[in-house]
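S.K.: Residue numbers for the sequence shown follow this note's numbering, beginning at 27 and rising by one. The structure is given below, and queries will be raised subsequently.
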Amino acid sequence: MEESRIALVGIIVEDGESVPKTNDLLHEYSSYIVGRMGIPYRNRGISIISITMDAPEPVISALCGKLGQLSGVSVKSMLAKTGK
27 MEESRIALVG
37 IIVEDGESVP
47 KTNDLLHEYS
57 SYIVGRMGIP
67 YRNRGISIIS
77 ITMDAPEPVI
87 SALCGKLGQL
97 SGVSVKSMLA
107 KTGK
């Protein structure tokens with residue numbers, strides 16, 4: 027079994043049409059999500075989502091890759107240096 031990592035994933039959704047698909051993907055990976063904070067920035071017409079994950083690195087990469095393929099969705103992740 028691969029070592030689990032702690033990750034912070036930042037997501038900006040600029041295309042409202044992609045919100046349901048974004049939520050579907052987050053639900054699909056919900057067993058790895060420790061916490062989620064969503065901010066609907068109505069003045070700018072975007073949604074900002076911050077996700078904390080505890081998952082193997084390939085799982086984190088897979089989620090970020092799938093999110094990044096959605097129209098109007100930007101995603102960046104960073105991993106903790108240690109899992110301790």
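Cβ coordinates follow ideal geometry from the N, Cα and C atoms, glycine included.
(1) Got a sec? Which residues, its chain only, sit under 6 Å from residue 98 by beta carbon, not counting five neighbours each side?
(2) Any idea if residue 70 is buried or exposed, counting beta-carbon neighbours within 10 angstroms, 16 or more meaning buried?
(3) Spatial neighbours of residue 105 within its chain, please: C-beta separation below 6 Å, excluding the five flanking residues on both sides.
(4) Got a sec, what are the start and stop residues for the alpha helix (DSSP H) residue 56 sits in?
(5) For the alpha helix (DSSP H) holding residue 96, just list the boundary residues, first then last.
(6) In its own chain, which residues sit with a C-beta less than 8 Å from the C-beta of residue 94, not counting the 5 before and 5 after it?
(7) Am I right that residue 72 and residue 37 are in contact with their C-beta atoms under 8 Å? What's the rounded C-beta distance?
(8) How many Å lie between residue 63 and residue 29 at the Cα?
M.R.: Taking the geometry as given:
(1) On the sequence shown, residue 98 is found 72 positions in, with the first residue counted as 1. Within the same chain, residue 98 has close Cβ partners 40, 41, 44.
(2) Taking the first residue of the sequence shown as position 1, residue 70 is located at position 44. By the 10 Å Cβ count, residue 70 comes out exposed.
(3) Along the sequence shown, one-based indexing puts residue 105 at 79. Closer than 6 Å at the Cβ level, and outside the excluded window around residue 105, lie 31, 33.
(4) For the purposes of this step, residue 56 is identified with residue 30 of the sequence shown, where counting begins at 1. Residue 56 -> no alpha helix (DSSP H), and no H or E assigned at all.
(5) Taking the sequence shown and counting its residues from 1, the one referred to as residue 96 is at position 70. Neither: residue 96 is in no alpha helix (DSSP H) and is coded neither H nor E.
(6) Locating residue 94 in the sequence shown gives position 68, counting from the first residue. Same-chain partners within the cutoff: 100, 101.
(7) Counting from one through the sequence shown, the residue named residue 72 turns up at place 46. Counting from one through the sequence shown, the residue named residue 37 turns up at place 11. Not confirmed; about 10 Å, so no contact.
(8) The residue given as residue 63 occupies position 37 in the sequence shown. The residue given as residue 29 occupies position 3 in the sequence shown. The alpha-carbon atoms of residue 63 and residue 29 are separated by roughly 25 Å.
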